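This report refers to the structure that appears directly beneath it.
2 protein chains.
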Amino acid sequence: MQKTVAKTLPGFMELLPGEQILFNQMREKIQKTYERFGFLPIDTPVIESTDVLLAKAGGETEKQLYTFTKGDSNLTLRFDLTVPLAKYVAIHSNELSFPFRRYQIGKVYRGEKAQRGRFREFYQCDIDVIGDGELNIINDAEIPSIMYTTIKELGLDNFTIRINNRKILNGIFEEIDAKESSVDIMRVIDKIDKIGEDNVKLELKNLQISDENIGKIIEFIRINGTTDEKLNALDCLNISNQIYKEGVQELKEVIKYIRAFNVPEDYFTVDVSIARGLDYYTGTVYETFLNDHKEIGSICSGGRYNNLSEYYTDKKLPGVGMSIGLTRLFFILNEINLIKSNQKSISKVLIISMIPDLKPAIETANTLRNAGINTEIYFDDKKIKAKFKYADKLKIPYTIVIGEDEVKTGELTIKNMETGEQERCVVGAVVEKLKNNE
Amino acid sequence: MQKTVAKTLPGFMELLPGEQILFNQMREKIQKTYERFGFLPIDTPVIESTDVLLAKAGGETEKQLYTFTKGDSNLTLRFDLTVPLAKYVAIHSNELSFPFRRYQIGKVYRGEKAQRGRFREFYQCDIDVIGDGELNIINDAEIPSIMYTTIKELGLDNFTIRINNRKILNGIFEEIDAKESSVDIMRVIDKIDKIGEDNVKLELKNLQISDENIGKIIEFIRINGTTDEKLNALDCLNISNQIYKEGVQELKEVIKYIRAFNVPEDYFTVDVSIARGLDYYTGTVYETFLNDHKEIGSICSGGRYNNLSEYYTDKKLPGVGMSIGLTRLFFILNEINLIKSNQKSISKVLIISMIPDLKPAIETANTLRNAGINTEIYFDDKKIKAKFKYADKLKIPYTIVIGEDEVKTGELTIKNMETGEQERCVVGAVVEKLKNNE
Chain A
1 MQKTVAKTLP GFMELLPGEQ ILFNQMREKI QKTYERFGFL PIDTPVIEST
51 DVLLAKAGGE TEKQLYTFTK GDSNLTLRFD LTVPLAKYVA IHSNELSFPF
101 RRYQIGKVYR GEKAQRGRFR EFYQCDIDVI GDGELNIIND AEIPSIMYTT
151 IKELGLDNFT IRINNRKILN GIFEEIDAKE SSVDIMRVID KIDKIGEDNV
201 KLELKNLQIS DENIGKIIEF IRINGTTDEK LNALDCLNIS NQIYKEGVQE
251 LKEVIKYIRA FNVPEDYFTV DVSIARGLDY YTGTVYETFL NDHKEIGSIC
301 SGGRYNNLSE YYTDKKLPGV GMSIGLTRLF FILNEINLIK SNQKSISKVL
351 IISMIPDLKP AIETANTLRN AGINTEIYFD DKKIKAKFKY ADKLKIPYTI
401 VIGEDEVKTG ELTIKNMETG EQERCVVGAV VEKLKNNE
Chain B
439 MQKTVAKTLP GFMELLPGEQ ILFNQMREKI QKTYERFGFL PIDTPVIEST
489 DVLLAKAGGE TEKQLYTFTK GDSNLTLRFD LTVPLAKYVA IHSNELSFPF
539 RRYQIGKVYR GEKAQRGRFR EFYQCDIDVI GDGELNIIND AEIPSIMYTT
589 IKELGLDNFT IRINNRKILN GIFEEIDAKE SSVDIMRVID KIDKIGEDNV
639 KLELKNLQIS DENIGKIIEF IRINGTTDEK LNALDCLNIS NQIYKEGVQE
689 LKEVIKYIRA FNVPEDYFTV DVSIARGLDY YTGTVYETFL NDHKEIGSIC
739 SGGRYNNLSE YYTDKKLPGV GMSIGLTRLF FILNEINLIK SNQKSISKVL
789 IISMIPDLKP AIETANTLRN AGINTEIYFD DKKIKAKFKY ADKLKIPYTI
839 VIGEDEVKTG ELTIKNMETG EQERCVVGAV VEKLKNNE
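Line by line, the protein sequences give chains A and B.
Taken in order, the first sequence gives residues 1 to 438; the numbers are from this note's numbering.
Taken in order, the second sequence gives residues 439 to 876; the numbers are from this note's numbering.
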């Protein structure tokens, strides 16, 4: 028969089972943490009507879309979980309770240029709180506490959540009369870590900003010190603009409550240079960096927006949220050896029969499984060595051997595959041993 | 601003949070059960190269594909999880341990005619065991025990797993010299429950089967009685064909071991009329029906196949597996009220502050969350009645009220929202109460 070449598309992650176990454990930790903060699950379709998904036409994103027709319908694969949320809330607003706290973990699609570490299909893990008309600023402080808890749960340490408020930036641009170019200026400021202060000045000059105003901007983004020193410096800057003052006030509130949420001082900071590329956020913004691996960019970002569903409804629905791009995060942590897959098996124990009649092995498996222990039986008629090799290769923690002697005495031989220790005991004792050893 | 109409595509399930919680609970129960039997997770892409997915061109399925181009690539959304598994095993066979036991739970896509209860995007929950060269028949008996355990875990009872072996049918067709029309004959037999014996006879006559041979077929599919009586009748039929005998022998082995796996006699039966529409299965086949709702069709099906990856590799990889179509199952069980969503909230407790300073509320939440209790704080500055209404609407089981008095005494007021019971205690006692009450 003519064979087809089996291949997986470039830019699509497909893991071996051992790595998949690790990936799933990370995904479950994120989910459990989101649930601990009382967020509700939703699961929207991967395919949406193109006009719904592109209600807000999206610059860069639009080129990357997976768009196609089926019958008369123009369809697109979702490129994030925020637009589907906006649609969902617009459709169901009468059936939801506000503030609506939801999480969604699912795959999204962007036809980026394929390159190592960039994925066309990837998991986003999002939470958002949506208010009906208004939303208390304390929500903006709870989000970083969820970021902190989640990243800690993933086993990471030595990271910093950088926090800013877009109103501070917007106010400054109003103050220096550069409101029309604010998006451009923010894009430039956003790059300061990458391109340095001199290049920022140069690019600002290219934007027709006067030297005096460039000076003000630089004075502003040079603000430094402890969190409280920065907040103080923001207060003392000679800027009278009202939006600016509002932004500083909000930022102070957020910092006050982040502390109430017990996020340690070492794990967050005010960073006035953070703008988030998108022109979507309107208040608080967050980015999170691994201090020893800043080169990989923000691993967890988000912010406050005025009006989630404005392209679908007149209802005012302000929100604040965050997102973790799990596929890329997993890939990078794996690359830099910050996570490791030790577990290659789901089974806690492999039952190996030395006798042709497999009924005693099956009965033992029934008992263990009924007790909630992940159990596998080796069925194939292979040499005993091959059976143990299977357990070894899959790193199954325990084996139980059943031979004639075991059937006669009703005792099983259980072996710890790591230490090589063996003991004989009745099935009840085996259950206890394996349950206590989770 | 011009608004876009927010809508979800027909044939795509999108649930409110309460139903989503129930759906996710079912999905997790399935996953946990699959893991209890030692199956490994994999997660293949939703998008595959069209030539890979259509290596085996697929009749009906092909019309339903979501196919499109992106750049030079011809892409298709997966329509099941079996073809991606075949691809996966062909690619990774050198890195996997055989027998390879894998589960996959994910969305698949079929552009069916939209109608109530039919979905274009739906979850399949699959397990398969793949052997390298050969695979012990006992695996064919373990699968129904997983079916039984899983369906029980979903809270369903009164169901029957119907079991047959394709070799029995194939042998009979060889015996009556109607091998070329065997697929057609099986399709006719498969419909006996729907169209009745007379119509089966008529359709067989249309296939040019002689009256004598139609008699043999009917005698065969009339086989009835207990499981052992049926097995006995199969033995006694005057058929000397070797494949037939092999099939009967395999079926007997499977039944013997299903009993060893403790599947109660009431929950499985031999059904010689079951062929499974596909010409894909080569040995044991299964279908599962809810006895009181046979009209909804099989809720869990599967079978044995000779050669999983034959379109990609020369390696012989026999397998046996099963699949649950969760989206449709959820929809139907919901319709006929066999499942009910009682839980509308992920939070175990809502903390309500009677004082403007939310710090005591936040501190309490920190303690509860650190203890693993799903906790939410009501932040919005609303009247106390509105705060309780929110807890009511979301059916959050407990509320904790914090007022001046509570701050002074260090005791919290915790209220059981269902019974209305209230008590005052310190936060440690609250943690104990909520932890014991899972």
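For glycine and all other residues, C-beta sits at the position ideal for the given N, C-alpha and C.
Here the structure is a predicted model, which means the values were calculated and not measured.
Item                                                                                                                                                                                  : Value
What residue from B/597, B/700, B/648 has the CA that sits closest to residue 725 of chain B's CA?                                                                                    : B/597
Within the 9 Å Cβ cut-off, does residue 228 of chain A reach chain B?                                                                                                                 : no
Buried or exposed, going by whether 16 or more other CB atoms sit within 10 Å of the CB of residue 860 of chain B?                                                                    : exposed
Could you check which residue in A/198, A/84, A/170, A/338 has the C-alpha nearest to that of residue 244 of chain A?                                                                 : A/170
Can you look up residue 506 of chain B in the DSSP assignment and give me helix, strand or coil?                                                                                      : strand
Under 9 Å, Cβ to Cβ, is there at least one residue of chain A near residue 742 of chain B?                                                                                            : no
So with Cβ pairs under 9 Å, would you call residue 158 of chain A a contact of chain B?                                                                                               : no
Between the beta-carbon of residue 744 of chain B and the beta-carbon of residue 685 of chain B, is there less than 9 Å?                                                              : no
Let me make sure I understand the geometry here. Which of A/40, A/37, A/362, A/91 has the alpha-carbon closest to that of residue 314 of chain A?                                     : A/91
Let me see if you follow: with CB-CB separation under 9 Å, is residue 41 of chain A close to chain B or not?                                                                          : yes
Less than 7 Å between C-beta atoms, sequence neighbours within five positions excluded: which residues of the same chain meet that for residue 829 of chain B?                        : 788, 837, 855
So with Cβ pairs under 9 Å, would you call residue 268 of chain A a contact of chain B?                                                                                               : no
Please report the residue range of the beta strand (DSSP E) in which residue 401 of chain A lies.                                                                                     : 398–402
With a cut-off of 8 Å on the beta carbons, I'd call residue 506 of chain B and residue 346 of chain A a contact; round off their distance for me.                                     : Residue 506 of chain B to residue 346 of chain A, Cβ: 35 Å. No contact.
Buried or exposed: where does residue 222 of chain A fall if 16 or more other Cβ atoms within 10 Å of its Cβ makes it buried?                                                         : exposed
Should residue 651 of chain B and residue 698 of chain B be called a contact, given that it needs their Cβ atoms to be closer than 9 Å?                                               : no
Express the C-alpha separation of residue 311 of chain A and residue 51 of chain A in angstroms, rounding to a whole number.                                                          : 11 Å
Give me the subset of the stretch 12–26 of chain A whose CB atoms are less than 9 Å from a CB atom of chain B, sorted by chain position.                                              : 12, 13, 14, 15, 16, 17, 18, 20, 21, 23, 24
Count the CB pairs spanning the stretch 403–413 of chain A and the stretch 534–550 of chain B that are closer than 8 Å, and state whether there are at least three.                   : no
Would you tell me roughly how many angstroms separate the C-alpha atoms of residue 141 of chain A and residue 320 of chain A, rounded to the nearest one?                             : 10 Å
I want to verify the contact list: residues of chain B whose CB lies under 8 Å from the CB of residue 49 of chain A, in sequence order.                                               : 445, 447
Between which two residues does the alpha helix (DSSP H) carrying residue 445 of chain A extend?                                                                                      : Beyond the ends of chain A as shown, which are 1 and 438, falls residue 445 of chain A; an answer cannot be given.
Among all the DSSP beta bridges, which residues are the ones paired with residue 515 of chain B?                                                                                      : B/485
For chain A, find out if any of its Cβ atoms is closer than 9 Å to the Cβ of residue 545 of chain B; answer yes or no.                                                                : yes
Return the chain-ordered list of same chain residues with a C-beta closer than 6 Å to the C-beta of residue 552 of chain B, the five sequence neighbours on each side being excluded. : 448, 449
At a Cβ threshold of 9 Å, is residue 847 of chain B touching chain A?                                                                                                                 : no
What's the call for residue 387 of chain A, buried or exposed, on a 16-neighbour Cβ count within 10 Å?                                                                                : buried
For residue 506 of chain B, would you say it is in contact with chain A, using Cβ-to-Cβ distances shorter than 9 Å as the test?                                                       : yes
Bridge partners of residue 41 of chain A, per DSSP?                                                                                                                                   : A/103
Does the Cβ-Cβ distance between residue 481 of chain B and residue 520 of chain B come in under 9 Å?                                                                                  : no
Are residue 642 of chain B and residue 655 of chain B closer than 9 Å when you measure CB to CB?                                                                                      : yes
As an exercise, report each continuous alpha helix (DSSP H) stretch of at least 4 residues that is fully enclosed by the stretch 156–214 of chain A, in chain order.                  : 166–175, 182–190, 192–206
Between which two residues does the alpha helix (DSSP H) harbouring residue 459 of chain B extend?                                                                                    : 455–474
Based on the DSSP secondary-structure assignment, which residues constitute the bridge partners of residue 124 of chain A?                                                            : A/106, A/325
Between A/30, A/14, A/209, A/15, which has its C-alpha nearest residue 323 of chain A's C-alpha?                                                                                      : A/30
Within the continuous beta strand (DSSP E) that includes residue 302 of chain A, where are the two ends?                                                                              : 301–305
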